[in-house]
Structure formats: structure tokens, C-alpha cells
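Residue numbers (my numbering): 13 to 677.
Idealized CB from N, CA, C, for every residue including glycine.
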Ligand code: SF4
């Protein structure tokens, strides 16, 4: 029977795959006649039992686990189950989490036979050839292997394996490191080799490996120098993607624009060949972006390119402490240029809990990030990864972190534990409330007018409120967010009544835009005279009207930053009259649902609202006075009616078939 060799990756989502395992397989397969490898991308959410059963039924000869920060505990448990079921199985671990914790892994888990450190292709091949030939792996560079007694199943419950100290000798030996592969093109492309079939959904892709920088918290800083696949190879892979069924390709390159000319060539190739509109994701170093690349990115259709930019901190002592080189003023300029000159999604990453950054410095970083006006912001908490310089700082006592993966910081010399939790809360609110963009106008208004244009002050106050009121930090549907924000603002003494009224109008307006079909009570409107005869006009299908005590469209038009602060209260006062807003929703069920507000002058909106209330055109002028419009000559209402007729927003009831005359709009 041929050996059953499993390559096992554990993913946090069903749609994810391990590119690293595909590289191991394509490297192994380049020599014809070798036994096949079985690559398994398993969804961790299925749970231990289901995954263990699947692996056991495959009866492996060799089980190789890719071990990452999120998956190592489960991988270790599954490996133990396999060893218990099949004592002869060879258990191999690789990947970043195993690479830097190999001695502990072997010492504490006697069912693991060996660990591969660093880049895996060549080492794994040599290990596998020896294991299949029943030879030991002594002398293979890049291996950490068990010494002394062979690996064994997990001990029965209640007993434990003797530790190395008790055995009187280390249980492992670390062979010399293996130099990184210099000619990456020597690894056959897993895509062009057919390992992904036609593909589907999302995949990672790497056009380079390694990173030339040395950020103290990052594993890429210790995983070898920057190396690149040739441009021809990358273009051939891209051509393969264009014809595949993948819908998203995420470049895993640490700094996609490290070589600007090469980055431009790749973007140009995508712009020319990507006829299926596959989405691409790149990590950019924004301070080194050049004009040519920004121009090229500007040619991409909206949101086709997702650009992820690591800011981490704008506090200079912090950047110096973690050895992160970044020209912050260039970074700011270029992020703003990307937002102004491209239609790409621009995402900024912040990393809290780094050395030297206290709470005031974090607030400044967050405000700086908002000022760059990215599409989204992520506030992560730094993880102390084995093998990094930050782990050394942790040993010095500068930081304390959780002992379990993902080793998130819980306290630093500059942040107490409660401040760390507060920053996490702020991060969740930014992600759940700011990033979806549903309430962007309401939030911008509130932050500008009531929080001195400081998003950090606003989100900090909101985080305190959210936690004290027991609201969950994981439910951010539009209704829950609107309710939470409304209650929050009502409880803030520093928010004036005038601010609150304007904010509530904007919030209700944006909540309606978030609905597939705007619904709910029609809103406060004056008591208009009852209609005296059957209506002639009716709203076109797909239109709905809601009333507001303050006109949100006027607020949006006048509350932009262009209006000087001293003039804003006057412009709000001008908006302080009951006003209708006309929403149009998608009636074609074959299209994605979408609600927009018609951008019409108030008079045309009033005409539509009066028609919706079955008022006759002769009474429009009197009705308008009830909403503070003063006396308007009747012919102006006739003109406004003509305009909305011409735009197709109203239908003549008499011309409709009898069966549909009574139906609503
Ligand atoms: S954080 Fe980014 S730039 Fe810094 S070492 Fe890691 S991958 Fe390189």
C-alpha cells in the first residue's frame, strides 16, 4: 500500500487555504514517480472531534502540520490523537509558530517527532525521503529532532511523560539552519501545476518572500532576506488567475512596493488582463509610494484593489523603539493622495501596546490615522511572538502578555491593564461602527461639532458607555448601532440639544439608507389638510418618503468642513424645519438591494411628499406654509410638479390600468 502522507493546514475560515502547503506539494511533485501528498485545508470551526475523525479515517503514515499562532494548540491536540491511534505515524510540525518554539514543542509533546524550522520546501523533502526510507533525520539542516526515546502517544489521563530534566538529558537536537532558497522560480508554481484546480473564492499569493526591514514585533523580520519570484513567473501566475475561478487574490508580500518599478509592472499587467474583475489585495509601504504607482492605482475600478498600509504608530519614540523606519509626513501625504486620486479601498493598520506608547500617544496616533481619511482603520493589539526582539523586551519586563496564543499584550510599562482593555474596546468600536461606513456622516458631524474633531475622544467616551451599559462588542448591525449611538448621545451632557437634534436626524437618515427597503414610521410631519378629491398622481414604484424634524439633506450640504465653524450653527438653524426625504430602493429582485436618497431641492421633495399624502396641487402652497416655506406663488409649485413628472418620479393614476390604481408606491 502506498504511504499516506498528509499535509494539514488549520484555517480560521472555510474559505482560507495554506499557500505554504501548496508550495511543499509542488516542490515534492517536481520529481516524477514520488508517492502523492494529500493536502488538507481544514476549517478549525468544525471542532476537534470532527477533525480528528477525518484524519484518523485517512490512516496516515506521515502527518505534517502547518503551525501558526492561531492553530498550534489544535494542531498539537490532533497530532496527539493521531499518534494514539497509530503509534507508527510520523508527526512533523512546521510553520512560524513551530519554528521558534521547536524545543518546547518537542519537550512538552512526546508524540511530535520533529519540527522543520524556517522555509520548508527543501527541508521537508529531505525529511520525507528519509522517513519513507525508514532512516533517521540526523544532519538535515533546518530540522529540530527528538533525541533519545522515540516519540510516543500521549500518556494516559492522570499520568505524565518524564520531563527532559528528569531524564537527565535534552530531548531534542537542533541541526544547523538551512539558508533560504535564493532562486524562488525553482519552486514550480502551485497554481500553474494544477494544485488548485480552477480555484474558487479567495487565495493568497506571494511574489516575494522575506522582508528587508527589522520591526521588533514582526516575525518577517527574522525569516530571511527579501527574495523575489521573477517578473515573468509572476505575470504567468497572474494570467492563470485571470482565467481561473478565483474572485480575490491577496498578495502576501510584506512590502509590495519595495521595488517600485516591479510593483508598477505587476499593477499594469493586472490592469491590462484582469477582465474578470478579480479583486487584488496588496500591503504597501505608503511613505515610499511613488507618483507612477499612485497614477496606475488610480486607473483601477472602484474597490478592485484593497491597499493595506501599516502605520502602527505615529509616536516617534515608539517607532524608534521597535526599529520601524517610517517617514510619517510622506506616509500621511501619500495616504491622502491615494484617497483623492484613486478609487482603491485604503486600509490603515495601527498596532497598540508597543513600547513607549502610552494612552495619550495612542490617542494621537488614532487621531492622525483618522485625519488621513482612509476607508477603514484597524486597531490591533501587539502580540509578543516567539523569536522576535519584542519577546526579548518582554523578558526585560517592558511588556507582559498572555501565556497562550496569540500572546496578546495585557500590560506594558506605558499602559496599565485597564488601559489595554480600553484600547481593545476602542478598536472594536472603530471596526464595528466606523469601518462599515454606514453612519459616516452622523459620526463625522458628532465628532467635529461635539468632540473637538477628535475621533479618539469620541471613541473613548463611546467605549466607556458601551462597556458600562453592557452592550456587546461583537454585534454591530445597523439597528443595534443606531440605537446605541442614540442612547449614548442622549446621555452626554457635553452634547447640546442643537447638536443632538441634528445628529439624530442624520442618524435616522443613514439608518434608512442601510435598509434594503426603508421602513418604519413616516416621521414627524404637520397635520396637513385632508385631501378633497381622488388623487391624479401617484409616486413611482420604489419610492418612499419619510419626514424629519430637521432636514438631514440640508445638514449634509451645510455641515461640511468647508463651512467655517462660526457659521455652522446658522446653517443648522436654517435646516431646522420639518422636511421630507425621498428614498429610492431597488425593485428589481435580480439586482443587489440598494437604497439611495434622491438628491432633490426641498421644493421637489415637498411636491413628492404632498402627492404621497394625496394632496391636490392647488393645496401645495398652503401645505408648504405649514413646514415653514412662507408664501410661494402657485406657479412655482406647478413648475416643481412638472420637474418631478419629467424625472419619472410620479405616475398619472388615470393612465394606469384599473387594477393597479390603488396600489402604493
Ligand atoms: S512589520 Fe512589515 S516592514 Fe516590518 S519587518 Fe514586518 S513585514 Fe517587514
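Buried or exposed (CB count within 10 angstroms, at least 16 for buried), residue i
i           : result
residue 608 : exposed
residue 284 : exposed
residue 69  : exposed
residue 43  : exposed
residue 424 : buried
residue 482 : exposed
residue 318 : buried
residue 464 : exposed
residue 529 : exposed
residue 60  : exposed
residue 100 : exposed
residue 211 : buried
residue 51  : buried
residue 106 : buried
residue 147 : exposed
residue 273 : exposed
residue 108 : buried
residue 472 : buried
residue 322 : buried
residue 175 : Reliability of the predicted coordinates at residue 175 is poor, the pLDDT of 49 falling under 50, and no value is obtained from them.
residue 486 : exposed
Cα-Cα separation, residue i to residue j
i           : j           : result
residue 651 : residue 631 : 14 Å
residue 461 : residue 85  : 48 Å
residue 177 : residue 41  : Only weak support is given to the placement of residue 177: the predicted model assigns it a pLDDT of 48, under 50, and the question is left unresolved by the model.
residue 500 : residue 634 : 39 Å
residue 445 : residue 467 : 12 Å
residue 419 : residue 439 : 18 Å
residue 416 : residue 557 : 54 Å
residue 137 : residue 39  : 8 Å
residue 4   : residue 289 : Limits of the chain in this structure are 13 at one end and 677 at the other, which puts residue 4 out of reach.
residue 543 : residue 625 : 8 Å
residue 207 : residue 253 : 13 Å
residue 310 : residue 242 : 25 Å
residue 94  : residue 502 : 58 Å
residue 19  : residue 160 : 26 Å
residue 255 : residue 281 : 14 Å
residue 98  : residue 286 : 48 Å
residue 658 : residue 337 : 59 Å
residue 541 : residue 627 : 8 Å
residue 549 : residue 525 : 25 Å
residue 257 : residue 292 : 14 Å
residue 56  : residue 559 : 48 Å
residue 82  : residue 402 : 19 Å
residue 76  : residue 103 : 6 Å
residue 297 : residue 518 : 36 Å
residue 599 : residue 664 : 20 Å
residue 603 : residue 597 : 11 Å
Contact check, residue i vs residue j, beta carbons under 8 Å
i           : j           : result
residue 308 : residue 279 : yes
residue 513 : residue 561 : yes
residue 22  : residue 64  : no
residue 154 : residue 133 : no
residue 393 : residue 421 : yes
residue 295 : residue 320 : yes
residue 362 : residue 325 : yes
residue 656 : residue 619 : yes
residue 367 : residue 400 : no
residue 16  : residue 71  : yes
residue 365 : residue 427 : yes
residue 564 : residue 511 : no
- prompt: Taking only runs of the alpha helix (DSSP H) that begin and end inside the segment 418–479, which ones reach a length of at least 4 residues, in chain order?
  reply: 429–441 and 452–462
message: Counting beta carbon pairs with one atom in the segment 381–395 and one in the segment 346–356, are three or more of them shorter than 8 Å?
response: yes
Entirely enclosed alpha helix (DSSP H) segments - the segment 204–291, minimum 4 residues: Scanning the segment 204–291 from its first residue to its last, the whole alpha helix (DSSP H) runs of 4-plus residues come out as 243–254 and 272–285.
- prompt: Between the segment 301–318 and the segment 370–379, do at least 3 Cβ pairs fall closer than 8 Å?
  reply: no
- prompt: What are the start and end residues of each continuous alpha helix (DSSP H) run of 4 or more residues lying completely inside the segment 50–106, in chain order?
  reply: Taking only runs of at least 4 residues, the alpha helix (DSSP H) segments lying wholly in the segment 50–106 are 60–69 and 84–97.
query: Can you give, in chain order, each stretch of the alpha helix (DSSP H) that sits fully within the segment 503–545 and has at least 4 residues?
result: 509–525
query: Fully enclosed by the segment 342–404, which beta strand (DSSP E) runs are 3 residues long or longer?
result: 357–364 and 388–393
query: Below 8 Å, can you find three or more Cβ-Cβ pairs linking the segment 208–227 to the segment 261–277?
result: yes
query: Okay, do the segment 146–163 and the segment 116–127 touch, 3+ Cβ pairs below 8 Å being the bar?
result: yes
- prompt: Looking at C-beta atoms only, is the number of pairs between the segment 530–538 and the segment 469–480 that lie closer than 8 Å three or more?
  reply: no
message: Suppose only complete runs of 3+ residues qualify. What are the beta strand (DSSP E) ranges in the segment 121–159, listed by chain order?
response: At a cut-off of 3 residues, the continuous stretches assigned as beta strand (DSSP E) that sit fully inside the segment 121–159 are 126–128 and 155–158.
- prompt: Unbroken beta strand (DSSP E) runs of length 3 or more, entirely within the segment 575–650: which are they?
  reply: 591–597 and 607–609
- prompt: Taking the runs of the alpha helix (DSSP H) that are 4 residues or longer, which of them lie wholly in the segment 315–339?
  reply: 328–333
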